[in-house]
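Chains as they are written, first to last, in our numbering: chain H, 427 to 538; chain G, 107 to 221.
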Amino acid sequence: DAKTTQPNSMESNEEEPVHLPCNHSTISGTDYIHWYRQLPSQGPEYVIHGLTSNVNNRMASLAIAEDRKSSTLILHRATLRDAAVYYCILRDVNTNAGKSTFGDGTTLTVKP
Amino acid sequence: GAGVSQTPSNKVTEKGKYVELRCDPISGHTALYWYRQSLGQGPEFLIYFQGTGAADDSGLPNDRFFAVRPEGSVSTLKIQRTERGDSAVYLCASSLASGPLNTQYFGPGTRLTVL
């Protein structure tokens, strides 16, 4: 699986936007970019995924660079409940039938 | 609707003992995954089932680890001769079908402590 690189930690103030970066310079053309997050003492939960175009859903937005070598998860207004570890994962539609390969993610701290 | 459930939530055992961890996936989900998560790290893939069969067991660390899903629903992860290094949170996930475009829904995990 292609690897992803994320900062270990980030801080944000409540009600401000948060931009969580992910580098994936070895991404292949068939890799989808997925984001999951893990709240304290819970299992990971799906946030969003995309291939080439930017994506929006009720939780977040995903901005994908034109060369696809990086992406950014955007939380438009951070709340205290958004404090979690955020994982950026690549999943290849051709070769990756099941598993997700998690890195160590970015720990987001939200300050009131 | 009900999510993925895992039992027990906590398990403390002694080195050398045998343990079973249970996962109840979301009803109708054909794919089921087991991951292991050590403190401060991301989840590590162990094994994945499509229906009753193990489609990918490449993440099982050694032959002390075994998992079954006999009826294509509930799955049990079995660990023989437990070692202190097996201490971790064991996560189960399920998805409607296999393939990377299917969202994986995770349970809360079982925290295993080997003394």
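We put the beta carbon where it would ideally sit given N, CA and C, even for glycine.
For clarity, every value in this text was computed on a predicted model and none was experimentally measured.
- Contact annotation for P114/G against chain H: no contact, minimum CB-CB distance about 15 Å [criterion: below 7 Å].
- Any Cβ of chain G closer than 9 Å to the Cβ of H475/H would place that residue at the interface, and such an atom is present.
- The shortest C-alpha to C-alpha distance from S200/G to any of E189/G, P176/G, L138/G, L183/G is the one to L138/G.
- Look at G178/G here: in three-state DSSP terms it is coil, with no helix or strand label.
- Counting along the chain, the unbroken beta strand (DSSP E) around A489/H starts and ends at 487–490.
- Put simply, the segment 508–528 of chain H does not touch the segment 177–187 of chain G. Fewer than three CB pairs are less than 8 Å apart.
- Residues of the segment 131–157 of chain G with a Cβ closer than 7 Å to any Cβ of chain H, in chain order: A137, Y139, Q147, G148, P149, F151, Y154.
- Look at G469/H: its C-beta is under 9 Å from a C-beta on chain G.
- Its chain contains S111, V180 as the residues whose beta carbon lies nearer than 6 Å to that of D130/G, once the 5 sequence neighbours on both sides are disregarded; these appear in chain order.
- Cβ contact annotation for S435/H (same chain, cutoff 8 Å, sequence separation greater than five): T532, T533, L534, T535, in chain order.
- For A160/G, the enclosing beta strand (DSSP E) starts and ends at 159–162.
- L506/H carries a helical assignment under DSSP once its states are collapsed to helix, strand and coil.
- In the DSSP assignment, P447/H falls within the unbroken beta strand (DSSP E) covering 444–449.
- Residue pairing for Q210/G: DSSP places it in no beta bridge.
- For R517/H, the nearest beta carbon of chain G is closer than 9 Å to its own beta carbon.
- Secondary structure note for Y141/G: its beta strand (DSSP E) is the uninterrupted segment 137–143.
- With a cutoff of 9 Å on beta-carbon distance, A491/H and L499/H are scored as not near each other.
- R494/H carries a coil assignment under DSSP once its states are collapsed to helix, strand and coil.
- In its chain, beyond the 5 residues on either side, S200, S201, L202 have a beta carbon closer than 7 Å to the beta carbon of H135/G.
- Residue contact with chain G for V536/H: absent (no Cβ-Cβ distance below 9 Å to any residue of chain G).
- Counted as a single uninterrupted DSSP element, the beta strand (DSSP E) harbouring N116/G occupies residues 116–119.
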